[in-house]
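Each number in my numbering comes from the position in the sequence shown (counting from 1) with 2 added on.
Even glycine gets a Cβ: it sits at the ideal position worked out from N, Cα and C.
Everything numeric in this text was worked out from a predicted model, so none of it was measured.
Heads up: the structure comes next, in structure tokens.
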Amino acid sequence: MFTYQIKIADSDLASRQAAALLCAQIERRVLAGEKVAIDLSAVFSISESYADELFGVLALRYGLEWLTDHVALHNLKPFVFRAIADAIRQRLSSRSPSTPDIALLAARKALKQRQSRNI
Numbered sequence: 003m004f005t006y007q008i009k010i011a012d013s014d015l016a017s018r019q020a021a022a023l024l025c026a027q028i029e030r031r032v033l034a035g036e037k038v039a040i041d042l043s044a045v046f047s048i049s050e051s052y053a054d055e056l057f058g059v060l061a062l063r064y065g066l067e068w069l070t071d072h073v074a075l076h077n078l079k080p081f082v083f084r085a086i087a088d089a090i091r092q093r094l095s096s097r098s099p100s101t102p103d104i105a106l107l108a109a110r111k112a113l114k115q116r117q118s119r120n121i
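Quick look at the structure:
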């Protein structure tokens, strides 16, 4: 499976409209059979609205497992990771209070990837 690379060059992500455009691009790529890798190394801040419109919306539409299976985030700063996790958590908790914790799911995925490399 081919991985489509996205490098976000902006240091501050705040526009809900820009997030919606990127969300649509990611959906098209994944639905075409690709995985998406997003490099966030240049990003120093992300607004709640941007994180919600991109990552919260994808998690709500397709589920958290789908998101972690098809979209990989690289080079996140701790604040950016927390903002994304909070946006996903808020979106999913509004739908169902029994949704899995994003940190637990991320840890499971990392463990699965590590185990597959050791085989």
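In this structure, the beta-carbon distance from LEU94 to LEU66 falls below 8 Å. Counting the other Cβ atoms within 10 Å of the Cβ of HIS72 gives 16 or more, which makes it buried. Looking from the CA of ALA87, the closest CA among GLU50, ALA20, GLN7 belongs to GLU50. Per DSSP, the continuous beta strand (DSSP E) segment holding ILE40 begins and ends at 37-41. In the DSSP assignment, the residues bridged to HIS76 are ASP41.
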